[in-house]
Amino acid sequence: MYLPNWQPQFCPSFSCKIIVFFQIMPASVMSGEKGFWTAPFDPRFPNTNQTKNCWQNYIDYHRCQKVKGEDYSPCEYYKRVYTSLCPIGWVEKWDDQREGGKFPGKI
1 MYLPNWQPQF CPSFSCKIIV FFQIMPASVM SGEKGFWTAP FDPRFPNTNQ
51 TKNCWQNYID YHRCQKVKGE DYSPCEYYKR VYTSLCPIGW VEKWDDQREG
101 GKFPGKI
């Protein structure tokens, strides 16, 4: 993206880097018009490796549906999180295992 009035500047602080980041981020992403969404920070999983976070949200989504029913909309939060964090191959494998009755997690 070309910004004609933008000049790179030396910025030692983190807050300046955030400002520069938002200056060069495309407006469509900033406005949210394409529906971009990612999982928020979860203090239970503070590390970079988010495998456990992915697994836990997959389990929580299916537990929520089992207890509250498939039409309970707050369960969709867990689905959005695990679809944001988990590789598609894992989710497909887990779905197949659940359908086959061989899923290792307690739902």
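Just so you know, we're using full-length UniProt numbering here: the sequence shown kicks off at 1 and counts up by one. Positions of the beta carbon are idealized from the N, C-alpha and C atoms, including for glycine. Remember, it's a predicted structure, so these values are computed and weren't measured experimentally.
{"Asked": "Buried/exposed call for Trp37, threshold 16 Cβ in 10 Å", "Found": "exposed"}
{"Asked": "Cα-Cα separation between Arg80 and Cys86, rounded to whole angstroms", "Found": "10 angstroms"}
{"Asked": "Element boundaries [alpha helix (DSSP H), containing Thr83]", "Found": "76–85"}
{"Asked": "Ile19 versus Asn49 - alpha carbon distance", "Found": "Its pLDDT being 42, under 50, Ile19 is placed unreliably by the model, and the measurement read from it follows with that caveat. So the alpha carbons of these two residues sit roughly 27 angstroms apart."}
{"Asked": "Lys68 to Tyr82 span [Cα, whole Å]", "Found": "19 angstroms"}
{"Asked": "Selection from Tyr72, Asp60, Trp55 that minimises the alpha carbon distance to Gly89", "Found": "Trp55"}
{"Asked": "DSSP state of Lys93 mapped onto helix, strand, coil", "Found": "helix"}
{"Asked": "Span separating the alpha-carbon of Asp60 from that of Asp71", "Found": "15 angstroms"}
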